[in-house]
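Novice: In UniProt numbering, the protein residues as written are 1 to 102.
(1) Touch check for the stretch 12-28 and the stretch 42-49: three-plus C-beta pairs under 8 Å?
(2) With residue 69 as the anchor, note down where its alpha helix (DSSP H) starts and where it stops.
(3) When you compare the stretch 72-80 with the stretch 52-60, are there three or more beta-carbon pairs, one atom per stretch, that lie closer than 8 Å?
(4) Under a three-way DSSP split, which group does residue 87 fall into?
(5) Could you work out which residue in 97, 48, 93 is closest to residue 14 when comparing CA atoms only?
(6) List the endpoints of the continuous alpha helix (DSSP H) containing residue 26.
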């Protein structure tokens with residue numbers, strides 16, 4: 001399945017967090033005041049980013065669950081309409097796919 005722009009953004013943000021954590025570990029032995037202050041600011045930003053990513057993922061999961069539940073309820077409440085729509089979409093896709101093979 002193709003990744004959506006949101007999925008790619010989320011994956012990229014996770015990678016940025018991972019890379020920044022690696023950078024912090026790699027520079028841990030640098031003890032100058034400026035380096036320590038910078039590491040503290042970066043760590044604070046990373047903590048906020050992790051929290052925000054977690055909230056974003058939770059919200060996305062909840063939206064997906066809600067959409068799934070709504071779809072399930074609609075199909076159960078309107079089974080014949082759902083079958084008709086699915087058959088119509090299948091017919092159109094079949095016609096589009098086989099259209100150039102005559």
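For each residue, glycine too, the CB sits at the ideal point set by N, CA and C. Computed from a predicted structure; not experimentally measured.
Specialist: Taking the geometry as given:
(1) yes
(2) 33-77
(3) no
(4) helix
(5) 48
(6) 5-26
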